[in-house]
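Accompanying notes for the structure given below.
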Amino acid sequence: MTDMPSTPINRRNFFHRVSDGLQGAALAYLATQELTGRQTIQAADHGPSAPRRIYDLRPQPPHFEPQAKAVIQLFMNGGPSQVDLFDPKPMLDKHHGEPYFDKIAEDVSSPESAGGLLRSPFKFKQHGDSGTWVSDALPHIAEHVDDIAVVRSMFNNHPNHEPALFKIHSGRLLPGRPAIGAWVTYGLGNINQNLPAYVVLDDPLGLPVNTVQSWQSGFLPPVYQGTRLRATGSPILNLKPSEEEPSEIVQLQRNLLRQLDQLHRGQRPGRLELDARINSYELAARMQLKATEALDLNQETQQTLDAYGVGKKTTDSYARRCLMARRLVERGVRYIQLF
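Going by this note's numbering, the sequence shown opens with residue 2, and the numbers climb by one from there.
What follows is the structure in structure tokens.
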């Protein structure tokens, strides 16, 4: 008889080993609900007996009542390294200037071209009651560290930018996995049915190196992928018709299209992509008014604009996206990413 090892498994090891980690656990739970026909608490306007369809963004109940209702993710592509902001490295200071190409020979194509180790040019101090380390590059954030959770236990062992972007958004180095915003949307649904559940406010200077794959839905239905809203100009191209028509005529047209869509759909059972296409067009129609209003910063006071940094050369672009994100959260959007 072979003795089984008695090494205890902590929570982190459990999720790492079981069903491909946390994503596997979440997928198993959510898939079980739908595959077994189990009903969750439904939105009031759909009734308690209405089944949840795959292409359905109605609010879904979590395991426990959460304190947070939405997420704003500030992804600062190309921003400063963590070793210059929140993660002091005493050993880096000690070995500053020393060569290290032999340590990374297996990870890069031309290690001999690498220079010596470089320490951070910033000084670190502990701040707040929590004693969180913050560099002097962030003097204002240092005043609020007791309201911030700094996670320093994550790491990445791949040196290239594109796989690293996949890793931070989906947890894997290769494309094809759902982004975290897609998981949140799939699990919790959307509060406002007139706006997308997962919104991406892009950088006017360009997309990230892996383009729109940063907010993909992977193997989840496409309705859960991020909807890109442009931070300048029209939020969505061709959202509004070139010529406005009376609202009564527009509503009649929409009602007719909805009837034709449902007739077409009824003749083709099992075609889930038709549900996605119909859902996309119906959402686009509802967004014609709501999206434009949500991103209209002219409704904000001058005091608010100044507080966010709108109008200042160095902060205007990102400040506008931050303010847009706040307005979207106020209107029930579940997950917003800023690039």
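Virtual Cβ for every residue (Gly too), placed ideally from N, Cα, C.
Rounded to whole angstroms, how far is the Cβ of residue i from the Cβ of residue j, which I believe are closer than 8 angstroms?
i: Leu75; j: Ser136; result: At roughly 18 angstroms, the Cβ-Cβ gap does not stay under 8 angstroms, so Leu75 and Ser136 are not in contact.
i: Leu329; j: Val200; result: 6 angstroms
i: Pro160; j: Leu174; result: Actually they do not touch by this definition, with Cβ atoms about 11 angstroms apart.
i: Pro179; j: Leu230; result: The Cβ separation is near 20 angstroms, so there is no contact.
i: Asn193; j: Arg332; result: 5 angstroms
i: Ser215; j: Pro209; result: 5 angstroms
Do you know whose CA, among the options, lies nearest residue i's CA?
i: Leu284; options: Leu202, Tyr319 and Tyr225; result: Tyr225
i: Met77; options: Arg335, Leu118 and Ser318; result: Ser318
i: Asn211; options: His162, Leu253 and Ala183; result: His162
i: Gly177; options: Leu118, Phe65, Ser218 and His265; result: Ser218
i: Thr305; options: Gly182, Ala320 and Leu166; result: Ala320
i: Gln263; options: Gly132, Ile181, Ile279 and Ile250; result: Ile279
i: Glu66; options: Gly172, Gly79, Asn256 and Leu189; result: Leu189
i: Ala308; options: Asp148, Gln268 and Leu324; result: Leu324
i: Gly207; options: Ile73, Trp184 and Gly79; result: Gly79
i: Tyr101; options: Gln338, Gly116 and Ala71; result: Gly116
Among residues of its own chain, excluding the 5 on either side of residue i, which ones have a beta-carbon nearer than 8 angstroms to its beta-carbon?
i: Pro81; result: Ala138
i: Lys1; result: Past the edges of the chain, shown from 2 to 340, lies residue 1, and the structure says nothing about it.
Following the continuous beta strand (DSSP E) through residue i, name the residue where it begins and the one where it ends.
i: Arg269; result: Neither: Arg269 is in no beta strand (DSSP E) and is coded neither H nor E.
i: Val201; result: Tyr199 to Leu202
i: Thr186; result: Looking at the DSSP string, Thr186 is not in any beta strand (DSSP E); the run it does join, the alpha helix (DSSP H), is Ile181 to Leu189.
i: Leu339; result: Tyr336 to Leu339
Considering just the uninterrupted stretch of the alpha helix (DSSP H) at residue i, what are its terminal residues?
i: Leu306; result: Gln303 to Tyr309
i: Arg229; result: Counting along the chain, Arg229 falls outside any alpha helix (DSSP H), though it belongs to the beta strand (DSSP E) covering Thr228 to Leu230.
i: Val330; result: Asp317 to Glu331
i: Leu75; result: Leu75 -> not in any alpha helix (DSSP H); beta strand (DSSP E) instead, spanning Val72 to Leu75.
i: Pro91; result: Pro91 to Lys95
Looking only at its chain, what residues have a beta carbon closer than 7 angstroms to the beta carbon of residue i, apart from the 5 residues adjacent to it on each side?
i: Phe123; result: Asp85, Ser136, Asp137 and Ala138
i: Val143; result: The sequence shown places Ala at residue 143, rather than the Val named in the question. Cβ neighbours of Ala143 beyond the five flanking positions: His128 and Val135.
i: Ser50; result: Reliability fails at Ser50, whose pLDDT of 45 lies under 50, so the model's placement of it is uncertain and no value is given.
Which residues in the same chain have their Cβ closer than 6 angstroms to the Cβ of residue i, if we skip the five residues on either side of it in sequence?
i: Asp204; result: Phe340
i: Gly48; result: Residue placement at Gly48 cannot be trusted, given a pLDDT of 44 that sits under 50; what the coordinates show is reported in the next sentence. Result list for Gly48: empty, nothing under 6 angstroms.
i: Val334; result: Leu196 and Val200
i: Arg153; result: Asp88
i: Glu35; result: Per-residue confidence for Glu35 stands at a pLDDT of 49, beneath the threshold of 50, marking its modelled position as unreliable; the derived number appears in the next sentence. Excluding residues within five positions, none has a Cβ falling inside 6 angstroms.
Which parts of the segment 126 to 161 are runs of the beta strand (DSSP E), unbroken and 3 residues or longer, counting only runs that do not cross its ends?
-> 133 to 136
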